[in-house]
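Scroll down for the structure; my scribbles are underneath it.
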Amino acid sequence: MNRTETGQGPFLRQAWYAAASSDEVGAGLLARTLLNEPVLLYRLESGEPVALLDRCAHRFAPLSLGRRCGDEVVCPYHGMRYGPDGVCTQVPGQATVPARARVHRYPTLERYGLVFVWMGDPARADARHLVSIAQYGQAGWGLSRGHALFHACLDNILDNLIDPAHTTYVHPRTIGSDAGADVAVQAELEGADTLVCGRWVNDAPAVPMVQRFAPPDGPVDRWQFYRVRLPCTSWVDFGSLPAGSPHTPEAMDAAPYRVISYAFLTPQDAEHTHYFSFQLRNFAADDGAVTAEFNALYRATFDEDRVLLEAIQREERRAPGTAPTRIASDAGVARLRRMAHAWREAEQPHATAAAPHQRTPDLGG
Amino acid sequence: MNRTETGQGPFLRQAWYAAASSDEVGAGLLARTLLNEPVLLYRLESGEPVALLDRCAHRFAPLSLGRRCGDEVVCPYHGMRYGPDGVCTQVPGQATVPARARVHRYPTLERYGLVFVWMGDPARADARHLVSIAQYGQAGWGLSRGHALFHACLDNILDNLIDPAHTTYVHPRTIGSDAGADVAVQAELEGADTLVCGRWVNDAPAVPMVQRFAPPDGPVDRWQFYRVRLPCTSWVDFGSLPAGSPHTPEAMDAAPYRVISYAFLTPQDAEHTHYFSFQLRNFAADDGAVTAEFNALYRATFDEDRVLLEAIQREERRAPGTAPTRIASDAGVARLRRMAHAWREAEQPHATAAAPHQRTPDLGG
Amino acid sequence: MNRTETGQGPFLRQAWYAAASSDEVGAGLLARTLLNEPVLLYRLESGEPVALLDRCAHRFAPLSLGRRCGDEVVCPYHGMRYGPDGVCTQVPGQATVPARARVHRYPTLERYGLVFVWMGDPARADARHLVSIAQYGQAGWGLSRGHALFHACLDNILDNLIDPAHTTYVHPRTIGSDAGADVAVQAELEGADTLVCGRWVNDAPAVPMVQRFAPPDGPVDRWQFYRVRLPCTSWVDFGSLPAGSPHTPEAMDAAPYRVISYAFLTPQDAEHTHYFSFQLRNFAADDGAVTAEFNALYRATFDEDRVLLEAIQREERRAPGTAPTRIASDAGVARLRRMAHAWREAEQPHATAAAPHQRTPDLGG
Numbered sequence: 001m002n003r004t005e006t007g008q009g010p011f012l013r014q015a016w017y018a019a020a021s022s023d024e025v026g027a028g029l030l031a032r033t034l035l036n037e038p039v040l041l042y043r044l045e046s047g048e049p050v051a052l053l054d055r056c057a058h059r060f061a062p063l064s065l066g067r068r069c070g071d072e073v074v075c076p077y078h079g080m081r082y083g084p085d086g087v088c089t090q091v092p093g094q095a096t097v098p099a100r101a102r103v104h105r106y107p108t109l110e111r112y113g114l115v116f117v118w119m120g121d122p123a124r125a126d127a128r129h130l131v132s133i134a135q136y137g138q139a140g141w142g143l144s145r146g147h148a149l150f151h152a153c154l155d156n157i158l159d160n161l162i163d164p165a166h167t168t169y170v171h172p173r174t175i176g177s178d179a180g181a182d183v184a185v186q187a188e189l190e191g192a193d194t195l196v197c198g199r200w201v202n203d204a205p206a207v208p209m210v211q212r213f214a215p216p217d218g219p220v221d222r223w224q225f226y227r228v229r230l231p232c233t234s235w236v237d238f239g240s241l242p243a244g245s246p247h248t249p250e251a252m253d254a255a256p257y258r259v260i261s262y263a264f265l266t267p268q269d270a271e272h273t274h275y276f277s278f279q280l281r282n283f284a285a286d287d288g289a290v291t292a293e294f295n296a297l298y299r300a301t302f303d304e305d306r307v308l309l310e311a312i313q314r315e316e317r318r319a320p321g322t323a324p325t326r327i328a329s330d331a332g333v334a335r336l337r338r339m340a341h342a343w344r345e346a347e348q349p350h351a352t353a354a355a356p357h358q359r360t361p362d363l364g365g
Numbered sequence: 001m002n003r004t005e006t007g008q009g010p011f012l013r014q015a016w017y018a019a020a021s022s023d024e025v026g027a028g029l030l031a032r033t034l035l036n037e038p039v040l041l042y043r044l045e046s047g048e049p050v051a052l053l054d055r056c057a058h059r060f061a062p063l064s065l066g067r068r069c070g071d072e073v074v075c076p077y078h079g080m081r082y083g084p085d086g087v088c089t090q091v092p093g094q095a096t097v098p099a100r101a102r103v104h105r106y107p108t109l110e111r112y113g114l115v116f117v118w119m120g121d122p123a124r125a126d127a128r129h130l131v132s133i134a135q136y137g138q139a140g141w142g143l144s145r146g147h148a149l150f151h152a153c154l155d156n157i158l159d160n161l162i163d164p165a166h167t168t169y170v171h172p173r174t175i176g177s178d179a180g181a182d183v184a185v186q187a188e189l190e191g192a193d194t195l196v197c198g199r200w201v202n203d204a205p206a207v208p209m210v211q212r213f214a215p216p217d218g219p220v221d222r223w224q225f226y227r228v229r230l231p232c233t234s235w236v237d238f239g240s241l242p243a244g245s246p247h248t249p250e251a252m253d254a255a256p257y258r259v260i261s262y263a264f265l266t267p268q269d270a271e272h273t274h275y276f277s278f279q280l281r282n283f284a285a286d287d288g289a290v291t292a293e294f295n296a297l298y299r300a301t302f303d304e305d306r307v308l309l310e311a312i313q314r315e316e317r318r319a320p321g322t323a324p325t326r327i328a329s330d331a332g333v334a335r336l337r338r339m340a341h342a343w344r345e346a347e348q349p350h351a352t353a354a355a356p357h358q359r360t361p362d363l364g365g
Numbered sequence: 001m002n003r004t005e006t007g008q009g010p011f012l013r014q015a016w017y018a019a020a021s022s023d024e025v026g027a028g029l030l031a032r033t034l035l036n037e038p039v040l041l042y043r044l045e046s047g048e049p050v051a052l053l054d055r056c057a058h059r060f061a062p063l064s065l066g067r068r069c070g071d072e073v074v075c076p077y078h079g080m081r082y083g084p085d086g087v088c089t090q091v092p093g094q095a096t097v098p099a100r101a102r103v104h105r106y107p108t109l110e111r112y113g114l115v116f117v118w119m120g121d122p123a124r125a126d127a128r129h130l131v132s133i134a135q136y137g138q139a140g141w142g143l144s145r146g147h148a149l150f151h152a153c154l155d156n157i158l159d160n161l162i163d164p165a166h167t168t169y170v171h172p173r174t175i176g177s178d179a180g181a182d183v184a185v186q187a188e189l190e191g192a193d194t195l196v197c198g199r200w201v202n203d204a205p206a207v208p209m210v211q212r213f214a215p216p217d218g219p220v221d222r223w224q225f226y227r228v229r230l231p232c233t234s235w236v237d238f239g240s241l242p243a244g245s246p247h248t249p250e251a252m253d254a255a256p257y258r259v260i261s262y263a264f265l266t267p268q269d270a271e272h273t274h275y276f277s278f279q280l281r282n283f284a285a286d287d288g289a290v291t292a293e294f295n296a297l298y299r300a301t302f303d304e305d306r307v308l309l310e311a312i313q314r315e316e317r318r319a320p321g322t323a324p325t326r327i328a329s330d331a332g333v334a335r336l337r338r339m340a341h342a343w344r345e346a347e348q349p350h351a352t353a354a355a356p357h358q359r360t361p362d363l364g365g
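Respectively, the protein sequence lines represent chains C, W and P. Quick note, the first sequence lines up with residues 1 to 365 if you use the working numbering. Quick note, the second sequence lines up with residues 1 to 365 if you use the working numbering. Quick note, the third sequence lines up with residues 1 to 365 if you use the working numbering.
Structure below.
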C-alpha cells in the first residue's frame with residue numbers, strides 16, 4: 001500500500017510509537033494524531049487493538065466520527081465499510097469495491113499498559129524493536145503513570161531526557177538537589193541506538209523524593225542514569241544508597257529507594273509531542289496512596305520540564321538562525337543529535353518524502 | 001471602477017450572493033465579509049438596501065465603525081462622507097474631493113427575505129440570474145429559515161448538496177434512512193448551470209421527519225432531488241407518497257409531505273462559508289409551532305453536515321496532495337466540479353486577479 | 001558582541017524605547033518582548049535598572065524563568081549565571097566559561113517614571129537622544145499615566161499621533177469637537193527628527209474635557225500641536241484660552257487648561273505596539289481625583305484610537321496592495337513616512353539584517 005499521501009514531516013518512522021494507554025482503547029473509536037497523521041484506534045471483539053489511518057479513502061471523512069459494526073468501521077459520510085485490515089468491504093450503492101478503497105493499517109503492539117503503533121514499513125514491524133523492561137509486572141515493583149501533551153518537538157524533549165544535569169535547577173522540589181551541581185556526566189553508547197548519560201553523586205543529602213519516601217539516616221550516594229533509545233524511548237534509573245556503599249548492581253537492586261521512570265514520546269506534529277510515562281519503584285509496591293502521590297509528583301516534575309521546553313521552542317521559532325553555545329553537560333545531547341541525524345539520513349537518503357516506509361536503517365534487534 | 005485592490009481568491013464573482021437576511025439590514029451599519037471583501041450593508045430611508053466596500057478609500061477604516069448621516073455614511077476616522085453610490089461627497093478640511101475617493105457599490109437585490117449582493121461586474125447584474133422560486137410566499141406553503149457559518153469551503157459544501165446518498169448515514173434522525181442505502185442516484189443537467197441528482201426510494205418506511213409531521217398508514221415512495229445552480233445556490237426537493245402512487249408532478253404537488261429546502265452559500269473567505277437557508281413545506285403553513293420545530297430540526301441536520309465538512313477540510317489541508325477515491329454516488333460531484341472549473345476558467349482565463357469583474361462566462365438568463 | 005541572531009524585523013533600532021514603567025522593574029524578573037526580541041528587566045541592588053537579552057546563550061531558556069542571586073541571574077535550565085553586563089560568570093559542571101556564553105546587555109535609562117532601553121549599537125546610546133520634558137516633575141503640573149498594547153504597527157500609530165484632524169471624529173466625547181472639522185493643519189519640521197502638525201481653532205465652544213475641568217465663560221481659542229519625534233515619541237500640546245486672547249507662548253503658559261500628552265511607542269513585534277503614555281496638566285496638580293479621572297478618560301480616548309487602528313491593520317493585511325487615497329490632512333503623515341524611510345535606509349542601507357546596530361543615521365543630539 002502506498003502512503004505517500006500523508007504529508008508527514010521528517011519524522012523517524014521505523015519504530016513503535018506509543019499511541020494511547022490500554023484503557024483508552026476499547027469498544028469506542030479513538031482519534032489521535034501521530035506524526036501528523038490521523039490515526040483511529042479501537043479494539044476488536046477478540047481484544048486485539050487496531051490502528052487505521054483515520055481518513056476515508058473516498059472523501060477524507062474521519063472514520064472515528066463513524067460507528068463500529070462488529071469489527072468493521074462504517075464511514076460517517078457515505079457508509080463505506082472497512083475491515084480491521086483497512087480494506088474496504090462495501091460501498092453502498094455499488095456492487096464492487098474500488099481497489100484504491102483502503103486505508104493504511106498500522107501494526108500494533110500492546111505492552112506495558114500502552115498501545116504502540118508501528119509508523120514505518122509494516123514488513124519491518126517486530127516486537128523485538130520495543131524496549132524490554134524486566135521489572136514491569138514483577139512482584140515488589142510499584143507502578144505509577146501519566147500522559148501529557150508538550151508544545152515542544154521531540155528533539156528538545158530528548159535533549160532533556162539525556163541530561164541528568166538539569167535536575168539540580170529544574171527539579172529541586174522532587175528529584176534534584178544542589179549537591180549534583182558540579183558532578184560531571186559520562187555519556188556512553190549501549191548497543192546501536194541507546195545512549196546513556198549518568199553519574200554518581202556521593203556523600204550528599206538525599207533529594208526531596210527520597211526524603212519523603214525512604215528517609216535515610218545520613219548522607220547517601222545516589223545514581224542518575226539517563227537513557228534514550230532512538231527514536232522515542234527514554235528511561236531514567238535513579239536511586240540512593242547509604243553513603244560509602246559499594247556501587248554494584250546487587251547493591252542497587254537492594255537499595256532502599258530505586259525508581260526507573262520510562263517515557264514514550266510520540267510526535268503529534270512538528271510542534272507537539274505526546275509524553276506517555278510510567279515509573280517503576282522498588283518499594284511500597286501495592287500502596288495506592290504512594291502510587292497516587294507518585295502520579296502527582298511526577299506530573300509536577302514533568303510540568304517543570306514542559307514549561308521550560310515550551311519556552312525554548314518559542315525562542316527557537318523566533319530566532320531560527322541562532323546557534324546554541326555548547327557546554328560540558330551537553331556531551332550526551334550532541335551525540336544523540338548525531339545519532340538521530342544518521343537514522344534520518346538512513347530513512348530518507350534523498351530528503352524526499354516519497355514512500356518513507358520503504359527506507360529503513362538497520363534496526364538490529 | 002477598478003476593484004483590483006481587493007485581493008480576492010479564485011471565487012466565482014458573476015453571481016448574486018446572499019449577504020444577510022432582510023431583517024439584519026436596517027438603519028444600522030452591518031459589516032460582513034463576503035468573498036474575502038469587507039462589505040457594509042444598510043438600508044436607505046427609501047427602504048432600499050445598499051452594499052458598499054467597507055473600507056474608506058483614505059486610510060482603510062471600516063465605514064461600518066462610523067455613522068449614518070441620512071443616506072450617507074461618515075467615516076469614523078476623518079469624517080469623509082460617502083453617498084449610497086459609493087462616491088465621496090465631502091472631505092473635511094478641503095474644498096474638493098479627490099477623484100479616487102470612492103468605494104465600490106455592489107448591486108443589491110432583495111428577495112425571499114434575503115439581501116443579495118452582486119460580487120462581479122455591476123454592468124452584468126441582472127435579477128434574472130437569481131433563482132426563481134414559484135412557491136415562495138404562496139398560500140399553503142409554510143416557511144422556516146436559518147443562517148450558519150461553516151468552517152468549510154464552498155466546493156465541499158456543494159459536494160454535500162448535490163449528493164442524496166449521504167443522508168442515509170449523516171441524517172438518520174431527520175431526513176435519511178437505511179432504506180435508501182443502495183438506491184442509485186441519477187445526475188442530469190437542467191439548463192447551463194444547474195445540475196440535479198435524484199432518486200426515488202420506493203416501498204419503504206417513511207423517514208423520521210415524515211413520521212413526525214405526516215405519519216403515513218404504510219410504506220411510502222419517497223423522492224430526493226438535489227439541485228445545485230452554480231455558483232452558490234442549492235435546493236433539495238423531498239417528499240413522500242403512499243407506496244405505489246404514480247410518480248407524476250401532479251401527485252408530488254398533492255403529496256402529504258413535501259419540503260423544498262433552499263441553501264444560499266456565500267464564501268466568507270477561502271476557509272469559511274455563510275450558509276443561508278430556508279425551507280418551504282406544503283403543510284401546516286401557518287402553524288408557528290411546526291415552524292419552530294422545523295427551524296430546530298434543520299439546524300440540527302445542517303450541523304451534522306457542518307461537523308463532517310469541517311473535519312474533511314482539516315484533512316484536505318493536512319494532506320494537500322491526497323486524491324479522493326471516487327465511488328458511484330459521486331457522479332454529480334465530479335460533474336459539478338467540472339462545471340465550476342469551466343466557469344472559473346471563463347471568469348479568469350489567465351489565472352490573474354486583475355479586474356476580475358471584467359471577465360464573465362455567458363450567464364444565459 | 002554580535003547580535004545578528006535576533007531575527008528582528010526592519011525596526012529602527014538607534015533609539016531609546018520605553019520598556020516598562022519604573023514600578024514594574026524591581027527585585028523580580030520582568031520579561032517583555034521589544035522589537036521582537038525577548039528582554040529581561042530587573043533592578044540591581046543599587047537601584048539601577050538592567051536589561052538583558054532574555055535567552056540563555058546555551059539552550060535559549062528565558063532567564064526570566066530563572067532566579068536572581070544578588071545582582072546576577074541564574075538560568076532556570078542548567079544554572080548558568082550571568083552578571084548584569086550579560087557575561088556568563090559560571091557554568092556548573094565545568095571550570096571555564098566559553099567566550100560565547102554571554103547575552104546582550106541593552107543600555108538603560110530611567111526617566112519620567114519609565115525605563116528606556118537602547119535597542120541599537122550600545123556605543124551610540126546617549127541620554128541626549130531622549131526627549132527633554134521641561135514640565136515633568138515641576139510644581140504646578142499634575143501627572144496621569146497609562147500603558148496599553150495595541151494590535152497595530154508603529155507606523156499606523158504614528159500616523160494617528162501626527163494628525164490633529166482625527167480628533168473631531170474619533171474623540172468627540174473628550175478632546176475633539178465639530179468646530180475643528182474644517183480648520184486646516186500646518187506641518188513643520190523642528191530639528192532633524194521632529195515633525196509638528198498643528199492648528200488653532202478659534203472662537204468655538206470648548207471641547208468636553210475643558211468643559212469638565214476648566215469650564216470657560218464663553219467661546220475659546222484652542223490649540224492642538226501634535227509632535228512626533230522619530231522613531232517612537234509623540235507629544236500633543238493642547239489648551240484653550242478665552243476667545244480673542246493673544247496666541248503667545250506666555251498666554252499659553254497661563255491658559256486655564258493646558259495638557260501635554262506624551263506617548264512612548266515600542267513595537268512588541270511587527271503586529272503589536274506598546275503604548276506608554278502620560279499627561280502633564282497645568283491645573284489641579286495634586287488632586288488625586290482629577291488624576292484618576294484623567295487616567296480613565298485618556299484610557300478611553302486611546303481605546304477609541306486602538307479600535308480604529310486595529311481595524312485598519314486588519315484591512316491592510318487583507319488587501320496588501322491597496323494604496324491609500326491621500327487627503328489634505330495627510331500632510332504630516334506623508335512627510336513623517338518619508339522621514340522614517342530615510343532613517344531606515346540610513347540604518348539598513350543594503351536591506352540586510354546583518355549587524356544592524358553597526359549602522360546608524362546621524363542622530364545629532
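For each residue, glycine too, the CB sits at the ideal point set by N, CA and C. Computed from a predicted structure; not experimentally measured.
### Query
To which residues of the same chain is Ala-127(W) closer than 6 Å at the C-beta, ignoring the five residues directly before and after it?
Indexing the second sequence from 1 puts residue 127(W) at position 127. So the qualifying residues of the chain are Leu-109.
### Query
In terms of residue numbering, what span does the beta strand (DSSP E) encompassing Gly-198(C) cover?
Your numbering for residue 198(C) matches position 198 in the first sequence. That run of the beta strand (DSSP E) goes 194-204.
### Cβ-heavy atom distance, Asp-23(W) to the ligand NAD, below 8 Å
Annotation note on the ligand NAD: not contained in the displayed structure, which lists no ligands.
### Query
In whole angstroms, what separates the C-alpha of Asp-305(P) from that of Ala-311(P)?
Counting from 1 along the third sequence, the entry for residue 305(P) is found at position 305. Counting from 1 along the third sequence, the entry for residue 311(P) is found at position 311. Cα atoms of Asp-305(P) and Ala-311(P): separation of roughly 10 Å, rounded to the nearest angstrom.
### Message
Please list, in chain order, the chain C residues whose beta carbon lies closer than 7 Å to that of Leu-308(W).
### Response
Locating residue 308(W) in the second sequence gives position 308, where the first residue counts as 1. Within 7 Å Cβ-Cβ: Ala-61, Leu-65, Pro-76, Tyr-77.
### Message
Quick check on DSSP: helix, strand or coil for Val-115(W)?
### Response
By 1-based counting over the second sequence, the position of residue 115(W) is 115. Three-state DSSP puts Val-115(W) in a strand.
### Task
Compare the Cα-Cα distances from Tyr-275(P) to each of Pro-242(P), Arg-212(P), Ala-346(P), His-151(P) and report the closest residue.
Counted from its first residue, the third sequence places residue 275(P) at position 275. From the listed residues Pro-242(P), Arg-212(P), Ala-346(P), His-151(P), the smallest Cα separation to Tyr-275(P) is found for His-151(P).
### Query
Would Gln-224(C) be called buried (16 or more neighbouring beta carbons within 10 Å of its own) or exposed?
For the purposes of this step, residue 224(C) is taken as residue 224 along the first sequence, with counting starting at 1. So Gln-224(C) ends up on the buried side.
### Query
Using the C-alpha atoms, what's the distance from Leu-265(P) back to Arg-124(P)?
Numbered from its first residue, the third sequence carries residue 124(P) at position 124. Numbered from its first residue, the third sequence carries residue 265(P) at position 265. Rounded to whole angstroms, the gap between the alpha carbons of Arg-124(P) and Leu-265(P) is 20 Å.
### Query
Is the region 200-207 of chain W touching the region 328-339 of chain W, taking contact as three or more C-beta pairs under 8 Å?
no
### Task
Could you check the C-alpha separation between Glu-271(P) and Glu-315(P) for me, to the nearest Å?
Start at 1 with the first residue of the third sequence, and residue 271(P) comes out as number 271. Start at 1 with the first residue of the third sequence, and residue 315(P) comes out as number 315. Cα-Cα distance, rounded: 13 Å.
### Query
Taking buried to mean at least 16 other C-beta atoms within 10 Å of its own C-beta, is Glu-345(P) buried or exposed?
Here residue 345(P) corresponds to residue number 345 of the third sequence, with the count starting at 1. Exposed, since its Cβ has fewer than 16 Cβ neighbours within 10 Å.
### Query
Okay, do the region 138-148 of chain C and the region 36-56 of chain C touch, 3+ Cβ pairs below 8 Å being the bar?
no
### Query
To which residues of the same chain is Asp-155(P) closer than 8 Å at the C-beta, ignoring the five residues directly before and after it?
Here residue 155(P) corresponds to residue number 155 of the third sequence, with the count starting at 1. Arg-337, Ala-340.
### Message
Quick check: the region 114-121 of chain W against the region 8-22 of chain W, are at least 3 beta-carbon pairs closer than 8 Å?
### Response
They touch, by the three-pair rule.
### Task
Would you verify that the beta carbon of Ala-184(C) is, or is not, closer than 9 Å to some beta carbon of chain W?
Looking up residue 184(C) in the first sequence gives position 184. By this cut-off, Ala-184(C) is not an interface position.
### Task
Pull up the distance between the alpha-carbon of Glu-72(W) and that of Pro-84(W), whole angstroms please.
Within the second sequence, residue 72(W) is the residue found at index 72, counting from 1. Within the second sequence, residue 84(W) is the residue found at index 84, counting from 1. Glu-72(W) and Pro-84(W): Cα-Cα distance of roughly 6 Å.
#### Entry: CB contact below 9 Å: Ala-18(P) versus chain W
Residue 18(P) sits at position 18 when you count from the first residue of the third sequence. With 9 Å as the cut-off, Ala-18(P) does not count as an interface residue toward chain W.
### Task
Kindly indicate which three-state DSSP category His-147(P) falls into: helix, strand or coil?
By 1-based counting over the third sequence, the position of residue 147(P) is 147. If DSSP states are grouped into helix, strand and coil, His-147(P) belongs with the strands.
#### Entry: Opposing strand residues paired with Ile-260(W) [DSSP bridges]
In the second sequence, counting from the first residue as 1, residue 260(W) sits at position 260. Paired residues: Asp-237(W), Leu-280(W).
### Query
Are there 16 or more other CB atoms within 10 angstroms of the CB of Ala-351(W), so buried, or fewer, so exposed?
Taking the first residue of the second sequence as 1, we reach residue 351(W) at position 351. Because Ala-351(W) carries a pLDDT of 46, less than 50, the predicted location of this residue cannot be relied on, and the following value inherits that uncertainty. Exposed, because fewer than 16 other Cβ atoms sit within 10 Å of the Cβ of Ala-351(W).
### Message
Using only the alpha-carbon positions, how far apart do Trp-235(C) and Ser-277(C) sit?
### Response
Counting from 1 along the first sequence, the entry for residue 235(C) is found at position 235. Counting from 1 along the first sequence, the entry for residue 277(C) is found at position 277. Rounded to the nearest angstrom, the two C-alpha atoms are 9 Å apart.
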